[in-house]
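Note that the protein sequences, when read in sequence, are chains C and D. Residue numbers are given in this note's numbering: position 77 of the first sequence equals residue 77, and the series is strictly consecutive. Every position in the second sequence, counted from 1, becomes a number in this note's numbering once 1000 is added. This report concerns only the one structure given below.
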Amino acid sequence: MLRFLLFSIRRAWDGFWRNAVMSLAATVTMTLMLLMLAGLVIGLSGLDAGLRFVEQKVEVQAFIADGTPQPKIDALVAQVRALPEVSQVEYIDKAQALQQWQEQLRQQGKPDYSSDTGTNPIPASITVKLRDPHVYGNVIQTLQSAQGVVTDVLETQHVVDALLSVTGFLRTAGVIVLVLVGVTVLFIVVNTIRLAVVARSEEIEIMRLVGASDAFIRWPFIFEGMLVGIFGAAITLGILALASQPIGQGVATLVGQVPIQFDQSLGQQLVMVVGGSGLALGAAGAFISVRTYLIR
Amino acid sequence: MTTSLPRFPGPFAAATAVRPDGDVARAQDATFRDIPEARRISIALEDVGKVYPNGRRALADVDLIVPDGDFVFLVGPSGAGKSTLIKLLIRDELPTSGTVFVAGRDVRRMPRREVPRLRRRIGIVFQDYKLLPHKSVRDNVAFALEVTGTPGRQIRPAVERVLALVGLTAAAGQFPNQLSGGEQQRTAIARALVHEPRVVIADEPTGNLDPLISWEIIQLLLRINELGTTVLMATHNAEVVTALRRRVVALEDGRVVRDEVGGYHREY
Chain C
1 MLRFLLFSIR RAWDGFWRNA VMSLAATVTM TLMLLMLAGL VIGLSGLDAG LRFVEQKVEV
61 QAFIADGTPQ PKIDALVAQV RALPEVSQVE YIDKAQALQQ WQEQLRQQGK PDYSSDTGTN
121 PIPASITVKL RDPHVYGNVI QTLQSAQGVV TDVLETQHVV DALLSVTGFL RTAGVIVLVL
181 VGVTVLFIVV NTIRLAVVAR SEEIEIMRLV GASDAFIRWP FIFEGMLVGI FGAAITLGIL
241 ALASQPIGQG VATLVGQVPI QFDQSLGQQL VMVVGGSGLA LGAAGAFISV RTYLIR
Chain D
1001 MTTSLPRFPG PFAAATAVRP DGDVARAQDA TFRDIPEARR ISIALEDVGK VYPNGRRALA
1061 DVDLIVPDGD FVFLVGPSGA GKSTLIKLLI RDELPTSGTV FVAGRDVRRM PRREVPRLRR
1121 RIGIVFQDYK LLPHKSVRDN VAFALEVTGT PGRQIRPAVE RVLALVGLTA AAGQFPNQLS
1181 GGEQQRTAIA RALVHEPRVV IADEPTGNLD PLISWEIIQL LLRINELGTT VLMATHNAEV
1241 VTALRRRVVA LEDGRVVRDE VGGYHREY
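This is the structure we're talking about:
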């Protein structure tokens, strides 16, 4: 068994480099396909993060008029907190609000001019989180009725309702696109590896004639396909690693508020997805390609 | 199975006899006792016909028995069915009708996974040598053993032995494109022999060689035959066949039209 494995891996390695041009063509195809796949995964995970952020954001925000005395605000907070639909109420005063805004600007790498004005233009606010994003109850009326205290109520109900139906659709569409791309990738990779196998058809014929078993013919090619997959995946991940910095910034400027994070979990996920699909596609491509020579 | 019966004398013998597998064993024993030659036949074709899927009839009613150690020329015009016959012997094709026995195995009933084992008992030589250009003579021969899972330490001595037999020890490190046609064919013959096959099947082995080199190859095949290996050689080479006065099987339109020991070869 060990001898068989060593034999197969050695032959796969030899085969890969002997047909260097073919192997490189297959590797480049594999890399392109994996990049496409990775792009889709990143896009989908970004979309998903955005959607989750939006769903989480289902809240009501009331802005407090400047100069409102603290007891009045405390009373309003207590009144809202008593409502059955409310899960959490948070009061953010002017100083905190300014600080949060500055923090956001810094994260996005935008210049902060707020200190130049010498005043604080950001109003204090009450943020109300709901138990169920769909049930508002009397929250909005209660806040709006506080004349003189609340200047404006930001209510996102209709936006959220629309978003919730859109997010479901987008998730389904994303999965369908991912599957379609996966199948396309498989076909292209199979075809490319088949070219490499056809270039070695004479060798396969000789192996059959001298009495090599199917396993001895098949596995070196499967390992060779896996080699193409591993190289393709390594190149893809290298490109992604180099590109992650500019892409992250690009996305941050594009999406702005939504905190899509290219953190470690997405990185690990990408390594698994790209590496796994590279290996699986290479092996499947080789398996299917050699099959045509073995069935007699 | 054949040796198990004498080991259980007395009451056990009777007990063994009533068991179904015991009966089978005895039946097989009986067959081999009745036809002792059955163990010594390399190739046996009985009433073999082959019709390709496109409807072309390549072989019809072919009967052929080649005992172990025989040297047989297979002759006939192009399209007479020589190649098809060889394909049946190495189970590259299956007969449409009849039975094909090679090296003691029923080729038609053989499961696919056992085909490699059959091919290791047959050495095959082709007109175009079928050598791997990027491998040296030694590696081309060793390849046949490597791809059948032979342990590494057994490969080298076996390769050196067959290279000595075909007279290529000095050229072992050379590559096919550095060799003459005759040397390439001798490499292919060495590869065919390295499994110590019971039968060597050569399909036009001298087809690409000039007369002098052809004689060398024939001499080599005769020598292999003298060492006990059955040789079946398909050829167009009338001169060789006529000169050697060996058994000649002539095919025409898929039928055996002549099968004579020491027969002559008609010009086609």
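C-beta atoms are modelled at their ideal positions from N, C-alpha and C, and glycine is treated no differently.
If we cut at 8 Å on Cβ distances, does residue i have a partner in chain D?
i, result
"C/S8", "no"
"C/G15", "no"
"C/S289", "no"
"C/A212", "yes"
"C/I239", "no"
"C/M36", "no"
Given that residue i touches chain D, what residues does it touch there, using C-beta distances under 8 Å?
i, result
"C/E203", "L1132"
"C/R3", "G1149, P1151, G1152"
"C/I247", "In chain order: nothing, as chain D lies at least about 44 Å away."
"C/R18", "H1134"
Candidates the options: which alpha carbon is nearest residue i's?
i, options, result
"D/A1250", "D/K1082, D/D1070, D/V1261, D/V1075", "D/V1075"
"C/P220", "C/R200, C/L209, C/P69", "C/R200"
"C/V175", "C/G43, C/T31, C/I230, C/A12", "C/G43"
"D/T1187", "D/L1064, D/R1198, D/E1260, D/G1173", "D/G1173"
"D/R1138", "D/T1084, D/V1162, D/A1103", "D/V1162"
"C/T68", "C/A146, C/I140, C/L164", "C/A146"
"D/S1078", "D/N1177, D/E1252, D/L1179", "D/E1252"
"C/G211", "D/I1122, D/L1045, D/D1047, D/E1239", "D/I1122"
"D/R1120", "D/L1193, D/R1156, D/P1157", "D/L1193"
"D/A1158", "D/R1191, D/E1183, D/Q1185", "D/R1191"
"C/Y91", "C/V150, C/S45, C/F4", "C/V150"
"C/L178", "C/A95, C/A233, C/L35", "C/L35"
"C/L32", "C/K72, C/A49, C/T192, C/A95", "C/T192"
"D/L1085", "D/E1160, D/A1060, D/Q1184", "D/A1060"
"C/G276", "C/N120, C/Q96, C/M226", "C/M226"
"C/Q268", "C/P84, C/Q245, C/T292, C/A241", "C/A241"
"C/P246", "C/A173, C/S87, C/Q108", "C/Q108"
"C/A234", "C/E203, C/G278, C/V181", "C/G278"
"C/V89", "C/L98, C/A97, C/Q79, C/Q96", "C/Q79"
"D/D1106", "D/V1048, D/H1134, D/F1071, D/F1175", "D/V1048"
"C/L270", "C/I239, C/V228, C/L294", "C/I239"
"D/G1104", "D/R1040, D/R1056, D/R1113, D/R1255", "D/R1040"
"C/L98", "C/T119, C/M272, C/L281, C/P84", "C/T119"
With a cut-off of 8 Å, does the C-beta of residue i fall near any C-beta of chain C?
i, result
"D/R1117", "yes"
"D/I1189", "no"
Under the rule that 16 or more other beta-carbon atoms within 10 Å means buried, what is residue i, buried or exposed?
i, result
"C/S8", "buried"
"C/M1", "exposed"
"C/F231", "buried"
"D/V1257", "exposed"
"C/F223", "buried"
"C/A283", "buried"
"D/D1063", "exposed"
"D/L1168", "buried"
"D/N1054", "exposed"
"C/R218", "buried"
"D/L1182", "Strictly speaking, residue 1182 of chain D in this sequence is Gly, with Leu absent from that position. With 16 or more other Cβ atoms within 10 Å, it is buried."
"D/E1093", "buried"
"D/S1214", "buried"
"D/R1156", "exposed"
"C/Y136", "buried"
"C/S115", "exposed"
"C/R208", "buried"
"D/G1228", "exposed"
"C/N138", "exposed"
Mind pulling the chain C residues with CB within less than 7 Å of residue i?
i, result
"D/A1144", "V210"
Report the neighbours of residue i on chain C: residues whose CB is nearer than 9 Å to its CB, in chain order.
i, result
"D/I1217", "Within chain C, no residue comes near D/I1217; the closest Cβ sits about 19 Å away, beyond 9 Å."
"D/I1124", "L209, V210"
"D/H1195", "V210, G211"
Can you name the residues of chain C whose CB is closer than 8 Å to the CB of residue i?
i, result
"D/R1120", "V210, G211"
For a contact meaning CB atoms closer than 9 Å, what does residue i contact in chain D?
i, result
"C/F216", "P1116, E1146, V1147, T1148, G1149"
What does residue i touch in chain D if you count any residue whose Cβ is under 7 Å from its own?
i, result
"C/M207", "V1147"
Subject >> Any 3 or more C-beta pairs closer than 8 Å across the region 1203 to 1211 of chain D and the region 1232 to 1244 of chain D >> reply: yes
Original post:
Hey, is the region 1041 to 1049 of chain D in contact with the region 1210 to 1221 of chain D, meaning 3+ C-beta pairs nearer than 8 Å?
Top reply: no
Subject >> Contact between the region 123 to 130 of chain C and the region 161 to 171 of chain C (3+ Cβ pairs under 8 Å) >> reply: no
Original post:
How do the region 184 to 194 of chain C and the region 1086 to 1103 of chain D stand: do at least 3 beta-carbon pairs fall below 8 Å, yes or no?
Top reply: no
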